[in-house]
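Asks: Can you read through this structure? Questions will come right after.
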Amino acid sequence: MQYAEVACRILLAAVFLTAAFGKASGKSAWLAFVHSLRRLEQVPGPLLRPVALAVVTTEAVAAVLLLVPARVAGWAGFALAGCLLLAFTLVIGRALKHGNRAPCRCFGASSTPLGASHMTRNLMLTCVAVLGLVGTSAPGTPEVPYALLAGAAGLVTGILVVAFEDIVTLFRPAE
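In UniProt numbering, the protein residues as written are 1 to 175.
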């Protein structure tokens, strides 16, 4: 279970670091993210920037907590990641329910309209957060070579998650 926890930590940290950096990497990326929140029509105008700042900050905090090799930091990081992912899933579900398919700026630049694949991705990541949370209670310390292997697997999986929209597009039938 220790190695699953390591893989989950690195996977989610990679996802949240990429997400936070993609949204805050420059003025145009930031404004595009704020605009995408406006298009979701779930945040009142005066709260757009504070909510955007809270999202990016919380993503970065979750990633940092997951990278700290302490049990309590991992627990907090997994709990925060799980809550964020559930909130994102609810926002996407509500948008889809109202016919709003505004592009998601989950990782910065994207023109892919919201869809069930975004909810699926977030629910799978929520499961990863729960698995990692359970893993924090595993006794003992992982052996370094195996922990490195688990971390590498988590990193590769994290990269695939970040590229998820592109992968889904590859397998979507041509219109």
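Beta carbons: idealized from backbone N, C-alpha and C, even for Gly.
Remember, it's a predicted structure, so these values are computed and weren't measured experimentally.
#1: Please indicate yes or no: does the CB of Pro-44 lie closer than 7 Å to some heavy atom of the ligand GDP?
#2: Any chance the region 158-166 sits against the region 9-23, with 3 or more Cβ pairs inside 8 Å?
#3: Measure the C-alpha to C-alpha separation of Phe-21 and Thr-89 and round it to an integer number of angstroms.
#4: Would you grab the beta carbon distance between Gly-154 and Met-1 for me? Rounded to a whole angstrom, and I think it's under 8 Å.
#5: With respect to the alpha helix (DSSP H) encompassing Glu-59, which residues constitute its N-terminal and C-terminal limits?
#6: What residue ranges within the UniProt domain "Methylamine utilisation protein MauE" (1-134) form continuous alpha helix (DSSP H) runs of no fewer than 4 residues, ordered along the chain?
#7: Name the residue from Arg-38, Ser-36, Met-119, Pro-142 whose alpha carbon lies nearest to the alpha carbon of Val-168.
#8: Please classify Pro-173: does DSSP put it in a helix, a strand, or coil?
#9: Residue 177: buried (16+ other C-beta within 10 angstroms of its C-beta) or exposed?
#10: If you compare alpha carbons, which of Gly-99, Leu-65, Leu-125 is closest to Pro-113?
#11: Determine the DSSP secondary structure at Glu-165, reduced to helix, strand or coil.
#12: According to the neighbour-count rule (16 or more other Cβ atoms, all chains shown, within 10 Å of its Cβ), is Leu-133 buried or exposed?
#13: Assign Glu-165 to buried or exposed, taking buried as 16 or more other Cβ atoms, counted over all protein chains shown, within 10 Å of its Cβ.
Replies: For this structure:
#1: This structure does not include the ligand GDP; it has no bound ligands of any sort.
#2: Contact holds: three or more Cβ-Cβ distances are below 8 Å.
#3: If you number the sequence shown from 1, residue 21 lands on position 21. If you number the sequence shown from 1, residue 89 lands on position 89. A straight-line Cα-Cα distance of about 20 Å links Phe-21 and Thr-89.
#4: Numbered from its first residue, the sequence shown carries residue 154 at position 154. Numbered from its first residue, the sequence shown carries residue 1 at position 1. About 14 Å separates the two Cβ atoms, so there is no contact after all.
#5: Numbered from its first residue, the sequence shown carries residue 59 at position 59. Where Glu-59 is concerned, the enclosing alpha helix (DSSP H) stretches over 48-67.
#6: DSSP runs (the alpha helix (DSSP H)) wholly in the UniProt domain "Methylamine utilisation protein MauE" (1-134): 2-24, 27-40, 48-67, 71-97.
#7: As a first step, residue 168 is located in the sequence shown; it is residue number 168 there, counting from the start. The residue from Arg-38, Ser-36, Met-119, Pro-142 with its alpha-carbon nearest to that of Val-168 is Met-119.
#8: Stepping through the sequence shown from its first residue, residue 173 is reached at position 173. Shown here, Pro-173 sits in coil according to DSSP, grouped into three states, outside any helix or strand.
#9: Residue 177 falls outside the range modelled here, since the chain spans only 1 to 175, and no answer is possible.
#10: Taking the sequence shown and counting its residues from 1, the one referred to as residue 113 is at position 113. When the alpha-carbon of Pro-113 is set against those of Gly-99, Leu-65, Leu-125, the nearest one is in Gly-99.
#11: Residue mapping note: residue 165 aligns to position 165 of the sequence shown, counting from 1. In this structure, Glu-165 counts as helix in the three-state DSSP scheme.
#12: Here residue 133 is taken as the residue at index 133 of the sequence shown, counted from 1. Of the residues assessed, Leu-133 falls on the buried side of the cut-off, its CB having 16 or more other CB atoms within 10 angstroms.
#13: In the sequence shown, residue 165 corresponds to position 165, counting from 1. Taking every protein chain shown into account, the CB of Glu-165 has 16 or more other CB atoms within 10 angstroms, so this residue is buried.
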